[in-house]
Amino acid sequence: MLAIGASSPAWAQTGVDVSIGINQPGVYGRINIGDAPRPALVLQQPVIIVQQPARVEYQPVYLYVPQTHRKDWRRYCGRYDACAQPVYFVQERWVQERYDKHRRNKHHDDDRGHNNGKGKGKGHNRD
927 MLAIGASSPA WAQTGVDVSI GINQPGVYGR INIGDAPRPA LVLQQPVIIV
977 QQPARVEYQP VYLYVPQTHR KDWRRYCGRY DACAQPVYFV QERWVQERYD
1027 KHRRNKHHDD DRGHNNGKGK GKGHNRD
């Protein structure tokens, strides 16, 4: 969860209750972290391009975007529907580590229940 000071806006003090999405490196977009630990960030403060009236509070979003988009965020925020939201940019290394772990676990799970040299055989004394 985020470590936020008392002067932070209300949106920063609430958790986002969604599932974790594993993004493939090079596939950019939102990362839904749910109650998982905060990802490694490029910047520690969120970026907001379009300020909204005080009564409108948006939840922060975590985005994995190319460096060119991050550097000129004002130009690219509309592609991610995130110009009015506080945005945390997630480090590519963090995405790569999660993706690699997900693939290893998926590969391990794929080996289960697909016979793997067991079963489907005729057994002893059976033709």
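Take the position in the sequence shown, starting the count at 1, then add 926; the result is the number in the numbering used here.
The beta carbon of each residue, even a glycine, is placed where N, CA and C say it ideally should be.
Below 8 Å on the Cβ atoms is my guess for residue i versus residue j; work out the distance and round it to an integer in Å.
i: residue 992; j: residue 1011; result: That belief does not hold up - the Cβ atoms of residue 992 and residue 1011 are roughly 19 Å apart, past 8 Å.
Measuring straight from C-alpha to C-alpha, what distance separates residue i and residue j?
i: residue 954; j: residue 998; result: 15 Å
i: residue 981; j: residue 971; result: 21 Å
i: residue 956; j: residue 989; result: 4 Å
i: residue 976; j: residue 1016; result: 20 Å
i: residue 994; j: residue 952; result: 13 Å
i: residue 964; j: residue 1032; result: 23 Å
i: residue 967; j: residue 1013; result: 10 Å
i: residue 881; j: residue 1030; result: The first residue shown for the chain is 927 and the last is 1053, placing residue 881 beyond what the model contains.
Would DSSP call residue i helix, strand or coil?
i: residue 964; result: coil
i: residue 933; result: Because the pLDDT of residue 933 is 33, which lies under 50, any placement of that residue in the model is unreliable, and the question is left without a value.
i: residue 912; result: This structure cannot speak to residue 912, because the chain is shown only from 927 to 1053.
i: residue 984; result: coil
i: residue 1013; result: strand
i: residue 973; result: strand
i: residue 998; result: coil
In or out: residue i buried (at least 16 other Cβ within 10 Å) or exposed?
i: residue 1000; result: exposed
i: residue 1024; result: buried
i: residue 969; result: exposed
i: residue 973; result: buried
Taking 7 Å as the line, does the beta carbon of residue i fall inside it for any heavy atom of the ligand ZN?
i: residue 1018; result: This structure simply doesn't include the ligand ZN, nor any ligand for that matter.
Worksheet item: Touch check for the stretch 1020-1031 and the stretch 992-1008: three-plus C-beta pairs under 8 Å?
Response: no
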